[in-house]
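>
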Amino acid sequence: MARWNAPDILEIRVPRDSSMQREEAFRRIVERAIGVAVPLDRFSPWSLKNINKKLFDEKEKHGLIYRLGDAELEDEDHNKIRFQSHIPDADLFGGAATESAAKGLLEHNSTYNHQRVIWLKLPVSGLDVEISTLIGARSDNEVVFSRHQNSRGIDYVTRQLRVFSKS
-5 MARWNAPDIL EIRVPRDSSM QREEAFRRIV ERAIGVAVPL DRFSPWSLKN
45 INKKLFDEKE KHGLIYRLGD AELEDEDHNK IRFQSHIPDA DLFGGAATES
95 AAKGLLEHNS TYNHQRVIWL KLPVSGLDVE ISTLIGARSD NEVVFSRHQN
145 SRGIDYVTRQ LRVFSKS
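Take the sequence shown: its position 69, counted from the start at 1, is 63 in the numbering used here, and no numbers get skipped.
1. Out of K160, R153 and S159, which one is the CA nearest neighbour of A0?
2. I want to know whether the region 30 to 40 touches the region 67 to 78 - three or more CB-CB distances under 8 Å.
3. Between I125 and G147, is the Cβ-Cβ spacing less than 7 Å?
4. In the DSSP assignment, find the unbroken alpha helix (DSSP H) run with G98 in it and report its ends.
5. Pull up the distance between the alpha-carbon of V24 and that of E136, whole angstroms please.
6. State yes or no: is the C-beta of T92 within less than 7 Å of the C-beta of V111?
7. If the criterion is Cβ atoms closer than 7 Å, does the pair Y106 and K53 meet it?
8. Could you check how far apart the C-beta atoms of D122 and L86 are, in whole angstroms? I think they sit under 8 Å.
9. Please check the pair G130 and L42, which I expect to be a contact at CB under 8 Å, by giving their CB distance rounded to whole angstroms.
10. Please report the straight-line C-alpha distance between I59 and H80, rounded to a whole angstrom.
11. Using 7 Å as the threshold, is the C-beta distance between I6 and F158 below it?
12. Within 10 angstroms of its Cβ, does D134 collect 16 or more other Cβ (buried), or is it exposed?
13. By Cβ distance, which residues of its chain are closer than 6 Å to R(-3), with the 5 residues on each side in sequence left out?
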């Protein structure tokens, strides 16, 4: 499915699959279908790497909006460091040791490859359930929703990512 998310995002949604080839095939089908009407070369991917870092840096400030789960960072020498919580969707950086280790890596020019972000239930914003996402799973601009999600939930996450990309 493709959808224009005003004012500036063309979303291409494909079903998540264990086969990357099948995912790519779905993506190519969608791109071919819309490519006739919309020149896709006018768009550039929205890299979310900096947003992941901002979410880490501001996690205490926004503790009512989200918590962070599993993460993978990469240092200057391309060594990959993975942080995984014992309990799925737990607050990975709630402990001082894990937070200190990640902060040390980021202070020495490491970058985020991917980050699990759990968007907390926020009835005031119309979010009635937690939404677990993986940001940057296979590419810088990919957001994977762990469970089936309605359009309201997807829009909520997209709005939050926009806010964090501009602040």
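C-beta atoms are modelled at their ideal positions from N, C-alpha and C, and glycine is treated no differently.
So, from the listed chains and residues:
1. Along the sequence shown, one-based indexing puts residue 0 at 6. Comparing Cα-Cα distances from A0 to each of K160, R153 and S159, the minimum goes to R153.
2. no
3. Counting from 1 along the sequence shown, the entry for residue 125 is found at position 131. Counting from 1 along the sequence shown, the entry for residue 147 is found at position 153. Result yes, Cβ atoms of I125 and G147 sit closer than 7 Å.
4. Here residue 98 corresponds to residue number 104 of the sequence shown, with the count starting at 1. Its alpha helix (DSSP H) spans residues A90 to E101.
5. Taking the first residue of the sequence shown as position 1, residue 24 is located at position 30. Taking the first residue of the sequence shown as position 1, residue 136 is located at position 142. Computed Cα separation, rounded: 16 Å.
6. In the sequence shown, the residue the question calls residue 92 occupies position 98. In the sequence shown, the residue the question calls residue 111 occupies position 117. In this structure, V111 does not lie closer than 7 Å to T92 by Cβ.
7. Translated into positions along the sequence shown, residue 106 becomes position 112. Translated into positions along the sequence shown, residue 53 becomes position 59. Their beta carbons are not under 7 Å apart, which means Y106 does not touch K53 by this criterion.
8. For this step, residue 122 is matched to residue 128 along the sequence shown. For this step, residue 86 is matched to residue 92 along the sequence shown. D122 to L86, Cβ: 24 Å. No contact.
9. Taking the sequence shown and counting its residues from 1, the one referred to as residue 130 is at position 136. Taking the sequence shown and counting its residues from 1, the one referred to as residue 42 is at position 48. Rounded, the Cβ-Cβ distance is 5 Å, consistent with contact.
10. To locate residue 59, count along the sequence shown from 1; it is residue 65. To locate residue 80, count along the sequence shown from 1; it is residue 86. About 22 Å.
11. Within the sequence shown, numbered from 1, the residue matching residue 6 stands at position 12. Within the sequence shown, numbered from 1, the residue matching residue 158 stands at position 164. Their beta carbons are not under 7 Å apart, which means I6 does not touch F158 by this criterion.
12. Stepping through the sequence shown from its first residue, residue 134 is reached at position 140. Buried, by the Cβ-count rule.
13. The residue you call residue -3 lines up with position 3 of the sequence shown. Result list for R(-3): E5, in chain order.
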